[in-house]
Every structure is written in structure tokens, then in C-alpha cells.
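Number of protein chains: 2
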Amino acid sequence: MSTSAETFPLTRRNRVVRRPMRGHYDKATVYDILDRALVCHLAYVIDGQPYCTPTAFWRDGDTLYWHGSAASRMIRNQGQGNEGAGLPVCLTVTHMDAIVLARCGFNHSINYRSVMAFGTARRIDDDAEKVRLMDRFLDRFFPGRAGLVRQPTRKEVKATSFIAMPIEQASAKIRDVGVHDDEEDYAVPAWTALLPVRTVLGRIEECPRQMPGVRKPRGMKGYVAGRRLDEIFLEASRAYAPAAGEEGPA
Amino acid sequence: MSTSAETFPLTRRNRVVRRPMRGHYDKATVYDILDRALVCHLAYVIDGQPYCTPTAFWRDGDTLYWHGSAASRMIRNQGQGNEGAGLPVCLTVTHMDAIVLARCGFNHSINYRSVMAFGTARRIDDDAEKVRLMDRFLDRFFPGRAGLVRQPTRKEVKATSFIAMPIEQASAKIRDVGVHDDEEDYAVPAWTALLPVRTVLGRIEECPRQMPGVRKPRGMKGYVAGRRLDEIFLEASRAYAPAAGEEGPA
Numbered sequence: 001m002s003t004s005a006e007t008f009p010l011t012r013r014n015r016v017v018r019r020p021m022r023g024h025y026d027k028a029t030v031y032d033i034l035d036r037a038l039v040c041h042l043a044y045v046i047d048g049q050p051y052c053t054p055t056a057f058w059r060d061g062d063t064l065y066w067h068g069s070a071a072s073r074m075i076r077n078q079g080q081g082n083e084g085a086g087l088p089v090c091l092t093v094t095h096m097d098a099i100v101l102a103r104c105g106f107n108h109s110i111n112y113r114s115v116m117a118f119g120t121a122r123r124i125d126d127d128a129e130k131v132r133l134m135d136r137f138l139d140r141f142f143p144g145r146a147g148l149v150r151q152p153t154r155k156e157v158k159a160t161s162f163i164a165m166p167i168e169q170a171s172a173k174i175r176d177v178g179v180h181d182d183e184e185d186y187a188v189p190a191w192t193a194l195l196p197v198r199t200v201l202g203r204i205e206e207c208p209r210q211m212p213g214v215r216k217p218r219g220m221k222g223y224v225a226g227r228r229l230d231e232i233f234l235e236a237s238r239a240y241a242p243a244a245g246e247e248g249p250a
Numbered sequence: 001m002s003t004s005a006e007t008f009p010l011t012r013r014n015r016v017v018r019r020p021m022r023g024h025y026d027k028a029t030v031y032d033i034l035d036r037a038l039v040c041h042l043a044y045v046i047d048g049q050p051y052c053t054p055t056a057f058w059r060d061g062d063t064l065y066w067h068g069s070a071a072s073r074m075i076r077n078q079g080q081g082n083e084g085a086g087l088p089v090c091l092t093v094t095h096m097d098a099i100v101l102a103r104c105g106f107n108h109s110i111n112y113r114s115v116m117a118f119g120t121a122r123r124i125d126d127d128a129e130k131v132r133l134m135d136r137f138l139d140r141f142f143p144g145r146a147g148l149v150r151q152p153t154r155k156e157v158k159a160t161s162f163i164a165m166p167i168e169q170a171s172a173k174i175r176d177v178g179v180h181d182d183e184e185d186y187a188v189p190a191w192t193a194l195l196p197v198r199t200v201l202g203r204i205e206e207c208p209r210q211m212p213g214v215r216k217p218r219g220m221k222g223y224v225a226g227r228r229l230d231e232i233f234l235e236a237s238r239a240y241a242p243a244a245g246e247e248g249p250a
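Chains as they are written, first to last, in the working numbering: chain A, 1 to 250; chain B, 1 to 250.
The structure is reproduced here in C-alpha cells:
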């Protein structure tokens with residue numbers, strides 16, 4: 001396999017300038033951070049004004065997808081010009097892992113894993129493709145979800161837009177070390193610690209109008225209260241697109 | 001008190017277009033969402049390219065602050081033109097509260113609280129003001145932190161930049177309802193539930209090189225494993241800038 005298939009190209013746009021040792025450009029690292037998230041933040045520009053919008057997204061190969069109402073300002077502008085023009089977008093995912101207290105302000109820090117992915121967003125207008133993407137989006141929650149729900153109506157398909165953005169460049173940035181002070185500061189009597197942060201699933205609240213006899217689907221066995229959300233989503237991603245040698249969805 | 005002191009002005013830039021019932025412009029709601037977060041995402045534009053960068057931030061009144069290395073691309077560009085020019089920025093905070101599974105794809109949703117704040121970022125170049133902001137930033141973790149650590153050196157002050165952005169407009173967007181299906185879909189035998197999501201503090205890992213006898217500061221009594229991070233940070237914000245009738249930091 002060539003290097004270009006395993007890493008994203010390095011350009012001025014995605015090079016990690018500050019703390020370059022925290023930068024990663026290999027696809028495995030970038031994919032891992034993306035696939036563990038359900039929500040990203042999108043930066044885009046309308047009439048010179050930057051907007052930063054949180055939204056659900058998913059990855060298939062080197063393309064990122066998100067959706068929205070066909071009427072939304074974001075979708076209308078991101079989709080400018082069918083099959084072509086589009087808008088430049090930076091899609092960012094951040095997992096916050098810890099707060100790091102140190103013996104001086106300068107060494108206080110946050111542990112995190114983040115990805116910035118750059119590309120040009122293109123709106124999908126084909127209804128059949130939109131139906132396929134709706135199913136794919138549902139299967140992002142857990143493989144098989146799309147087959148368990150009522151199929152989309154024509155009106156719902158019309159009202160929903162999807163955006164596809166092939167990743168042109170991407171970079172990951174990771175800080176995962178503990179308290180690290182300047183040697184002479186270890187004599188400073190400031191209490192220091194790493195404060196881990198976890199985003200976890202809470203206690204599941206079933207719909208009060210659940211049909212009798214309807215049980216939690218087998219595909220959701222990973223959704224357990226207290227479990228880390230990034231692990232649940234990574235598992236769902238891998239079940240959908242299994243790594244070589246792993247088992248795919250039943 | 002006039003309306004303008006209690007709500008942000010409504011313009012094309014910050015008006016919630018989609019699902020307007022989810023939009024809020026009162027400062028109490030916007031402040032609450034901002035003050036519960038340590039990390040935001042910033043959208044800004046360099047040479048026509050949007051960037052979306054996660055960073056720690058805090059709020060004082062109607063001004064948002066963040067910091068970075070004086071050498072960083074983001075800070076250099078955001079601070080263009082001392083005391084004036086600056087760059088338009090959209091600062092967004094998102095708290096994800098739940099995943100909502102429904103009986104059709106269209107009604108799948110995410111519960112969240114988010115704020116988009118718009119303004120022009122200006123770099124702070126005055127050293128004395130930078131020292132003050134360093135202390136303020138530390139006290140964001142918990143009031144009193146700045147007084148417990150080694151004071152910044154001249155070199156650290158030079159290497160750190162702060163950015164201030166008065167909020168020109170802001171909007172909050174909140175979804176906080178459970179499963180909500182079309183009436184005829186309640187007969188669809190799809191398992192549906194609200195899956196709560198919580199970002200919580202994990203088990204604190206003290207620095208292995210802690211000085212003997214140094215104890216967790218009193219100001220950190222809210223930092224308890226398992227507690228929601230947004231509550232810890234809201235408490236820290238309120239202790240720093242107490243609401244009328246509440247007690248401030250000792």
C-alpha cells in the first residue's frame with residue numbers, strides 16, 4: 001500500500017504548527033478520533049462571516065457526511081451549486097479526556113484528541129442516494145437500526161438534505177500526558193492532579209409508549225449505562241465497516 | 001433594566017432559522033450554557049479558508065476570552081491589528097445531553113444545549129493585563145487557583161497571548177424533549193428510547209510527585225468523581241462572579 005493511502009497529505013492548511021509533536025496525519029489515527037464521535041463542529045463562511053455549527057456526522061472511507069433540513073441556512077449555503085461549487089468547510093471533532101492542574105499556570109493543560117478535516121462540501125440531491133444515506137445515518141447509531149424503523153416517506157426525503165465532503169487534508173492533535181512541570185517547580189507546594197473526563201451513557205429511558213413485547217435490539221448490546229460513548233460509537237463504526245479479519249454486522 | 005441588558009440583539013446572523021422554537025436570546029440562558037463549559041469551538045477565516053479550532057475559554061460579562069501561544073497561527077491571525085481590526089469569529093459551545101431513538105429515521109434526534117456567539121476578536125498585548133488574565137483563566141478552574149501556584153515568569157507572559165471578544169450577537173439552541181413520533185407511527189414495533197449522555201469527572205489521579213502534606217484545595221470541593229462537569233464549571237463560574245444575593249469566593 002502506498003504512503004498516500006495511509007496518510008493525509010501535509011499542507012500549510014492542516015500542518016500542526018504549535019506543538020508539532022502532538023500532530024498526526026496517518027489515517028488510522030484520524031479515523032479513530034472521527035469514528036468515536038457522533039457530533040462534530042463545522043466551520044464555514046457565508047458572506048465573509050464564519051459560522052461554527054454543531055451537527056451529527058459520519059465517515060465512510062475518506063468522505064464525511066452530515067445532514068440537515070433542506071431549508072436550513074447552513075445546508076443551503078454549503079450546497080451552493082449542485083455537483084460542484086460547494087463551500088470550503090473545516091469539520092472538527094474533539095474528545096476532552098482530562099484537565100491537568102500543574103504547579104504554574106503555564107503548565108495547566110487539557111488532554112484531548114481532536115481532528116480537523118478540510119474539504120469542499122457538496123449537497124446530495126438525488127432522492128435514491130438520499131434514501132441510502134438516511135439508512136446509513138441510522139446505522140451509525142448501531143448497525144441494523146435502519147431495518148427496524150418505519151421507512152422514510154417521500155416528503156421526509158424531500159425535506160432532508162445530505163452533504164458529502166471528501167477529506168482533502170486532515171490532521172489529528174493529541175495530548176495524553178499527565179502533570180508535567182518544570183523541574184524547579186516541583187518544590188512549589190501547589191496541589192496537582194490529572195482530572196479525567198469521561199462522556200458516558202446514562203440510564204436508558206425507554207419510551208413510555210413502547211409497543212408491548214418490543215425489546216432492545218441485539219445490535220444495541222454495547223449501549224450499557226456508564227459505558228464511554230466514544231467506545232460505543234467506535235464499536236458501531238467497526239461493525240458497519242469491519243477492519244480486515246473482523247466480523248461485520250450480522 | 002432595559003430589554004437590551006437582558007437579551008442579545010436579534011439579527012440575521014444569530015436568528016435561529018430552523019426550529020425557531022428551540023432558539024433563545026436571553027442572556028441568562030446564553031450565559032448558563034457558556035459558563036458550564038471549559039472548551040469551545042472557534043470558527044474563523046484565514047485567506048478565505050474556514051478553520052474550526054477547539055480551545056479553552058471563559059466569559060466575563062459579555063466578553064469571551066481565550067488564550068494561545070503567541071506563535072500560533074490562530075492567535076496571529078485573530079489578533080491582526082493591535083487594538084482594532086481583529087477577525088470575525090463565531091464561538092460555539094455544545095453540551096450533548098441525549099440520543100433520541102424514534103420509530104422512523106426522521107424523528108431520531110439529539111438533545112443538546114448550544115450557544116453560537118458572534119463578535120470580533122482582539123488580541124491583548126499589554127503585559128499587566130495579560131498577567132491579570134492568566135490569573136483569571138486559572139480561577140476558571142476554581143476560584144483561588146491562581147493564588148496557589150507559582151506566579152508567571154516574564155518569558156511565560158511574553159509567550160502567551162490572550163484574545164478578547166465582546167459578544168455582538170448570540171443565540172442559544174436547546175432540544176430537551178424525549179421520544180416524539182408521528183401519531184400513526186406509535187404502532188411501529190421499533191424499540192425507542194432516550195439515551196442520556198453525561199460528561200463526568202473520573203477518578204482524580206494525584207501527581208506522583210505531590211509535595212508531602214499538600215492537600216486538595218478547599219476551592220475544589222466540587223470536584224468529585226462521577227459528578228457532571230457542566231455543574232462543576234457552573235459552580236466555579238458563580239463562585240467567581242456570584243449572582244445577586246449569593247456568596248462570592250472566600
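Note that CB positions come from ideal geometry on N, CA and C, so glycine has one too.
Boundaries (first-last residue) of the alpha helix (DSSP H) holding M253(B): In the structure as shown, chain B starts at 1 and stops at 250, and residue 253(B) therefore has no counterpart that could be examined.
As assigned by DSSP and simplified to three states, the class of D26(B): strand
Could you tell me which of P152(A), M74(A) and A121(A) sits nearest to R13(B), measuring between CA atoms? M74(A)
In whole angstroms, what separates the C-alpha of V224(B) from that of A121(B)? 35 Å
Which of the residues in the segment 121 to 137 of chain A, read from start to end, lie with their CB under 9 Å from any CB of chain E? Protein chains A and B are contained in the structure displayed, whereas chain E is not.
Can you round the beta-carbon distance between A172(A) and H41(A) to whole angstroms, since I take them to be within the 8 Å contact cut? Incorrect: roughly 15 Å between the Cβ atoms, too far for contact.
Between G68(B), W58(B) and E235(B), which has its C-alpha nearest R107(A)'s C-alpha? Looking at the sequence itself, residue 107(A) is Asn, so the reference to Arg does not match. Among G68(B), W58(B) and E235(B), the Cα nearest to that of N107(A) is on G68(B).
Cβ shell of S237(B) (< 6 Å), same chain only, five flanking positions each side left out: D35
Do V17(A) and V115(A) come within 8 Å of each other at the CB atom, strictly closer than that value? No, Cβ-Cβ distance for V115(A) and V17(A) is not below 8 Å.
Looking at the secondary structure, which residues open and close the beta strand (DSSP E) in which S72(B) lies? Segment: none, S72(B) is in no beta strand (DSSP E) and carries neither H nor E.
Where does D176(A) sit, in a helix, a strand or coil, going by DSSP? coil
Going by DSSP, which residues form a beta bridge with R122(B)? A164(B)
Would you check if there are 3 or more beta carbon pairs closer than 8 Å linking the segment 210 to 229 of chain A to the segment 123 to 133 of chain A? no
For the candidate residues F233(B), P166(B) and V200(B), whose alpha-carbon lies nearest to that of T63(B)? P166(B)
Between the segment 134 to 152 of chain B and the segment 174 to 183 of chain B, do at least 3 Cβ pairs fall closer than 8 Å? Because the criterion of three Cβ pairs below 8 Å is not met, the segment 134 to 152 of chain B and the segment 174 to 183 of chain B do not touch.
Listing by chain order, which chain A residues have their CB less than 7 Å from the CB of D185(B)? R150
Kindly identify the DSSP beta-bridge partner or partners of N111(A). A98(A)
Neighbourhood of C52(B) by C-beta, 6 Å cutoff - its chain only, sequence neighbours within 5 removed: Within the same chain, C52(B) has close Cβ partners H41 and A43.
Measure from the alpha carbon of A70(B) to the alpha carbon of each residue in L229(B), E156(B), V200(B) and R203(B), then state which is nearest. E156(B)
Return helix, strand or coil for Y186(A), following the three-state DSSP convention. helix
So what does V200(A) bridge to, in DSSP terms? R228(A) and R198(B)
What in chain A is Cβ-close to V115(B), meaning under 8 Å? Result: empty, since nearest Cβ-Cβ is about 10 Å, beyond 8 Å.
In terms of residues, what are the limits of the beta strand (DSSP E) holding R59(B)? Membership of R59(B) in the beta strand (DSSP E) is indicated by the continuous run Q49 to D60.
I need the straight-line Cα distance from E83(B) to I163(B), nearest angstrom please. Annotation note: pLDDT 44 at E83(B) (below 50); position unreliable, coordinate value reported separately. Rounded to whole angstroms, E83(B) to I163(B) spans 11 Å at the Cα level.
With A43(A) as the anchor, note down where its beta strand (DSSP E) starts and where it stops. Here the beta strand (DSSP E) through A43(A) covers V39 to I46.
Would the beta-carbon of E168(B) fall within 8 Å of that of F233(B)? no
So with CB distances below 7 Å, who are the chain B contacts of A43(A)? In chain order: A43, P50, Y51 and C52.
Using a beta-carbon distance below 8 Å, is F162(A) in contact with chain B? No, F162(A) lies away from the interface with chain B (no Cβ there is under 8 Å from its Cβ).
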